[in-house]
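Visitor:
Chains as they are written, first to last, in this note's numbering: chain A, 1 to 265; chain B, 266 to 371.
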């Protein structure tokens, strides 16, 4: 009782201090900020070393590929990304606030969605397939610019309904195993699941180089693998459900530094 | 041509032990896997990696199906003279990917 009262007081105090964006959804995080652990802390020291040393990190192959694509003119407009944006480093910090609500489109956009939108609108180019190598490379390039910056998404205002959808999906039991995300990643993180330690399921390093995949992959690919893991039918990559979930996950990881390209098992 | 990354010192003192790191983008498909309709995925691997330093071979490695995708190879050699480090990856079809880096030895 006392602790609940204290929590309620903390919410009120937070609102009074103008921390409204964090609390607007009326949800407190299941994991306290001081207990937040990046997925990096759940992999072996060797894998951590592989991620930290950018000369060794295989994800950098995609970042370098992305830099080439960045400067290549594409589509009918004959424009490159660089023609509008200049150096990729000018997009520093962008990945930290994605996904965002786009008022003109009236929907949520993640980095992949923003790149696709740019391609269609500005470059007049054909869309790239969601998990295609060029889209992964460009996404990795943009996200890599924010490496080290804390995740910080807006979940208030027009983004709130999407946030609520994501939160509901995160807590909904799914599939033949009848499991929700929260049961593993909030209630059981740190415990063992066969040979592995359960992570907190933060999305702060995507696209990631996953050793199991032997390649770089998107967050949506990883989420689809989670759905399959609990024997549920996964939504398609880029589907609204996964975007909403991505927003909720970004809010959960608020403050964790971006690690793109992260290396995971 | 597959993307590569080479990390080698641009300068070194004579007699110094230098570390060279290399990475190449390659699927290293084993030939043992099947696709989602049951067809065998053909083997596609790099079989040999070599490094020459000022024309002399200083490192050679044979690769097999047990080597993971995007092979990372790190090795050391001794800085002897100013020259080119030439890296060659040869795949099973005989296609060679070549990269080089200059090292100045003082």
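Think of the CB as a built atom: it goes at the ideal place given N, C-alpha and C, for glycine as much as any other residue. Keep in mind the model is a prediction, meaning the values are calculated, not measured.
(1) Is the shortest distance between the beta-carbon of residue 214 of chain A and the beta-carbons of chain B less than 8 Å?
(2) I want to see whether chain A comes within less than 8 Å of residue 270 of chain B, judged by CB atoms only; does it?
(3) CA-CA distance, residue 111 of chain A and residue 319 of chain B?
(4) Quick check on residue 209 of chain A: does DSSP put it in helix, strand or coil?
(5) Just verifying my parser: in three-state terms, what is the DSSP assignment at residue 267 of chain A?
(6) On the three-state DSSP scale, how would you describe residue 268 of chain B?
(7) Beta strand (DSSP E) containing residue 327 of chain B: first to last residue?
(8) At a Cβ threshold of 8 Å, is residue 301 of chain B touching chain A?
(9) Short of 8 Å in beta carbon distance, which residues of its chain neighbour residue 56 of chain A, apart from the five on each side in sequence? Order them along the chain.
(10) Would you mind sorting residue 301 of chain B into buried or exposed? The rule is 16 or more other CB atoms within 10 Å of its CB.
(11) Is the stretch 308-322 of chain B in contact with the stretch 353-366 of chain B, if contact means three or more CB pairs nearer than 8 Å?
(12) Check whether the stretch 194-211 of chain A and the stretch 244-251 of chain A are in contact - that is, three or more C-beta pairs closer than 8 Å.
(13) Assign residue 121 of chain A to one of two classes, buried (16 or more other C-beta atoms within 10 Å of its C-beta) or exposed (fewer than that).
(14) Name, going along the chain, the residues of the stretch 332-359 of chain B whose beta-carbon falls closer than 7 Å to a beta-carbon of chain A.
(15) From the DSSP output, in three-state form, read off residue 331 of chain B for me.
(16) Residues of chain B with CB under 7 Å from residue 151 of chain A, in chain order?
Guide: According to the data block:
(1) Here residue 214 of chain A is taken as the residue at index 214 of the first chain, counted from 1. Chain B contact via Cβ: present.
(2) For the purposes of this step, residue 270 of chain B is identified with residue 5 of the second chain, where counting begins at 1. Chain A contact via Cβ: present.
(3) For this step, residue 111 of chain A is matched to residue 111 along the first chain. For this step, residue 319 of chain B is matched to residue 54 along the second chain. Taking the straight line joining both Cα atoms gives about 45 Å.
(4) Along the first chain, one-based indexing puts residue 209 of chain A at 209. Of the three classes helix, strand and coil, the one that applies to residue 209 of chain A here is strand, per DSSP.
(5) Because chain A in this structure spans residues 1 to 265, residue 267 of chain A falls outside the shown range and cannot be described.
(6) Within the second chain, residue 268 of chain B is the residue found at index 3, counting from 1. Reduced to three states, the DSSP call for residue 268 of chain B is coil.
(7) In the second chain, residue 327 of chain B corresponds to position 62, counting from 1. Per DSSP, residue 327 of chain B belongs to the beta strand (DSSP E) from 321-327.
(8) Taking the first residue of the second chain as position 1, residue 301 of chain B is located at position 36. Not closer than 8 Å to any Cβ of chain A, the Cβ of residue 301 of chain B fails to qualify, so no.
(9) Here residue 56 of chain A corresponds to residue number 56 of the first chain, with the count starting at 1. 49, 50.
(10) Translated into positions along the second chain, residue 301 of chain B becomes position 36. So residue 301 of chain B ends up on the exposed side.
(11) yes
(12) yes
(13) For the purposes of this step, residue 121 of chain A is taken as residue 121 along the first chain, with counting starting at 1. Exposed.
(14) 333, 334, 335, 337
(15) Taking the second chain and counting its residues from 1, the one referred to as residue 331 of chain B is at position 66. Correct three-state label for residue 331 of chain B: coil.
(16) Position 151 of the first chain, counted from the first residue, corresponds to residue 151 of chain A. Those within 7 Å of residue 151 of chain A in chain B number zero; the least Cβ separation is about 27 Å.
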